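Student:
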Amino acid sequence: MRVMVTGGAGFIGFYVAKALIERGDEVVIVDCLSDYYSVALKKNRLKQLGDRVKFYQVDVADFDELKRVFTENKLDKICHLAAQAGVRYSLENPFAYEKTNNLGTLNILELMREFNVKDLVFASSSSVYGGNKKTPFSVEDPVDSPISIYAATKKHNELMAHAYHKLYGLNCFGLRFFTVYGPWGRPDMALFKFTKAILENKPIDVYNHGDHERDFTYVTDIVEGVLLALDKVTGFEILNLGNNKCVTLKHFISCIETELGKEAEKNMLPMQPGDVHKTFADIEKTKEVLGWEPKVGIEEGIKNFIDWYKDYSETAIGNEN
Ligand SMILES: NC(=O)c1ccc[n+]([C@@H]2O[C@H](COP(=O)([O-])OP(=O)(O)OC[C@H]3O[C@@H](n4cnc5c(N)ncnc54)[C@H](O)[C@@H]3O)[C@@H](O)[C@H]2O)c1
Numbered sequence: 001m002r003v004m005v006t007g008g009a010g011f012i013g014f015y016v017a018k019a020l021i022e023r024g025d026e027v028v029i030v031d032c033l034s035d036y037y038s039v040a041l042k043k044n045r046l047k048q049l050g051d052r053v054k055f056y057q058v059d060v061a062d063f064d065e066l067k068r069v070f071t072e073n074k075l076d077k078i079c080h081l082a083a084q085a086g087v088r089y090s091l092e093n094p095f096a097y098e099k100t101n102n103l104g105t106l107n108i109l110e111l112m113r114e115f116n117v118k119d120l121v122f123a124s125s126s127s128v129y130g131g132n133k134k135t136p137f138s139v140e141d142p143v144d145s146p147i148s149i150y151a152a153t154k155k156h157n158e159l160m161a162h163a164y165h166k167l168y169g170l171n172c173f174g175l176r177f178f179t180v181y182g183p184w185g186r187p188d189m190a191l192f193k194f195t196k197a198i199l200e201n202k203p204i205d206v207y208n209h210g211d212h213e214r215d216f217t218y219v220t221d222i223v224e225g226v227l228l229a230l231d232k233v234t235g236f237e238i239l240n241l242g243n244n245k246c247v248t249l250k251h252f253i254s255c256i257e258t259e260l261g262k263e264a265e266k267n268m269l270p271m272q273p274g275d276v277h278k279t280f281a282d283i284e285k286t287k288e289v290l291g292w293e294p295k296v297g298i299e300e301g302i303k304n305f306i307d308w309y310k311d312y313s314e315t316a317i318g319n320e321n
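Take our numbering: the last position of the sequence shown gets the number 321, and nothing is skipped along the way.
(1) Quick one: is Thr-179 buried, meaning 16 or more other Cβ sit within 10 Å of its Cβ, or exposed?
(2) Is it buried or exposed for Lys-18, if we count other Cβ within 10 angstroms and need 16 for buried?
(3) For Glu-200, which option in Thr-234, Tyr-56, Phe-192 has the closest C-alpha, if you only look at C-alpha atoms?
(4) With DSSP as the reference, label Ala-171 as helix, strand or coil.
(5) Does the Cβ of Thr-105 lie closer than 7 Å to at least one heavy atom of ligand 1?
(6) Going by DSSP, which residues form a beta bridge with Lys-266?
(7) DSSP three-state call for Asn-319: helix, strand or coil?
(8) Mapping the DSSP letters down to three states, classify Asp-119 as helix, strand or coil.
(9) Cβ of Tyr-36 within 7 Å of any heavy atom in ligand 1?
(10) Go ahead and pull the three-state DSSP assignment for Thr-71.
(11) So, at 8 Å on beta carbons, what are the nonlocal neighbours of Val-143 in its own chain, with the 5 sequence-adjacent residues on each side left out?
(12) Which residues share a DSSP beta bridge with Glu-237?
(13) Residues in its own chain within less than 6 Å of Ser-126 by CB, not counting five upstream and five downstream?
(14) Considering just the uninterrupted stretch of the alpha helix (DSSP H) at His-251, what are its terminal residues?
(15) Should the stretch 89 to 106 be regarded as contacting the stretch 233 to 251, the criterion being three or more beta carbon pairs within less than 8 Å?
(16) When DSSP labels each residue in this structure, what does Thr-195 get in the three-state scheme?
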């Protein structure tokens, strides 16, 4: 099948595109190469894919340009991962979230309707659970009280996909990813920032005094879930893709220190606005619908990241990040 992967130069999109081409599907990537973080890292991810993918440097918020991609390619399915990501930055620049996440997703849905492309898998986020006290977080839990602008846009995407499903019969699976990590990861996320700072003998900022808990999910597990969703998408479902295990930030940091053989200098800081105390995925529904189960534990995942980071930072990152 021919799949459009939006955000295919991004962390998760790159892995999804790679897995699709490796199993014989055709991939059309749409990514504007936003400068939210290192464009060099995005280009290096694309280099790994080479000419096995068709790449369009297009902004999903630009309806006419996106329409050109639909016109030039007969698409079977859409995997919509392009987004302005990050909770903290959404307080600084809410317009970037409105534009890419809300308008961009509307453009995808409208063009799917117009070009009769029926199947959509899109990225939502564990952040929609906001301050949910009940754990683990179930897709049955109400998520009407976002505590960040990023989360509000992700909830908006779920609602819009549901409306297009009801109105026009689009099949849509929305996947709520829980803190994804692994090699080729994002420089704005904790694992990358901490590893880089520790290796450079710089202090790390530890919010909420390290008492956060996160359900860290390894990228290859996420990719397996995304591909299963692309294969099985029918009707409308919202599904959690999380590891189903909670890890405190303190433990996460100690795993990084162990792997690097070096202790971090820590700036203990209070909770940040928009941040949540805990994320923890209930994955029963995901198991039932997709037959999916995560496989990679935190120690193995961190080791894989650090091995990649050491290698990559010597060869490519240099001063680029
Ligand atoms: N990484 C995580 O922990 C996590 C957790 C929950 C949800 N998500 C969601 O998963 C998806 C992928 O996240 P990621 O971690 O790979 O992020 P990422 O930032 O690495 O990838 C997103 C990609 O989208 C592209 N993009 C941004 N704005 C665009 C626009 N207007 N038009 C076209 N392309 C644009 C960026 O250039 C980037 O390559 C996103 O929707 C994100 O919100 C990620």
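Ideal Cβ placement from N, Cα and C applies to all residues, glycine included.
Owing to the predicted nature of the structure, the values given are computational and were not obtained by experimental measurement.
Tutor: Working from what's here:
(1) Within the sequence shown, residue 179 is the residue found at index 179, counting from 1. Counting Cβ neighbours within 10 Å, Thr-179 comes out buried, since at least 16 surround it.
(2) Reading the sequence shown from its first residue, position 18 is the one you call residue 18. Result: buried.
(3) Indexing the sequence shown from 1 puts residue 200 at position 200. Cα-wise, what sits closest to Glu-200 is Phe-192.
(4) On the sequence shown, residue 171 is found 171 positions in, with the first residue counted as 1. Position check: residue 171 holds Asn in this sequence, whereas Ala was assumed. Secondary structure at Asn-171: strand, using DSSP grouped into helix, strand and coil.
(5) Residue numbering aside, residue 105 sits at position 105 when the sequence shown is read from its first letter. Exclusion of Thr-105 from the 7 Å shell around ligand 1 follows from its C-beta lying no nearer than that to any non-hydrogen atom of the ligand.
(6) In the sequence shown, the residue the question calls residue 266 occupies position 266. Bridge partners of Lys-266: Ile-204.
(7) What you label residue 319 is simply residue 319 of the sequence shown in a count that begins at 1. With a pLDDT of 49 at Asn-319, under the threshold of 50, the predicted position of this residue should be treated as unreliable, though the coordinate-derived value follows. DSSP, reduced to helix, strand and coil, places Asn-319 outside both helices and strands of the structure shown, so it counts as coil.
(8) Numbered from its first residue, the sequence shown carries residue 119 at position 119. Strand, per DSSP.
(9) Indexing the sequence shown from 1 puts residue 36 at position 36. Yes, the Cβ of Tyr-36 comes within 7 Å of a heavy atom of ligand 1.
(10) Here the question's residue 71 lines up with position 71 in the sequence shown. In the three-state reduction of the DSSP assignment, Thr-71 falls in the helix class.
(11) Here residue 143 refers to the residue found at position 143 of the sequence shown. Answer for Val-143: Val-128, Tyr-129, Gly-130, Asn-132, Lys-155, listed in chain order.
(12) For the purposes of this step, residue 237 is taken as the residue at position 237 of the sequence shown. In DSSP, Glu-237 forms a bridge with Phe-173.
(13) By 1-based counting over the sequence shown, the position of residue 126 is 126. Within the same chain, Arg-176, Phe-178, Thr-279 come within 6 Å of Ser-126 by CB-CB distance, once the 5 residues on both sides are set aside.
(14) To locate residue 251, count along the sequence shown from 1; it is residue 251. Secondary structure note for His-251: its alpha helix (DSSP H) is the uninterrupted segment 249 to 260.
(15) Touching, no.
(16) Taking the sequence shown and counting its residues from 1, one reaches residue 195 at position 195. The answer is helix: DSSP assigns Thr-195 an H, G or I state.
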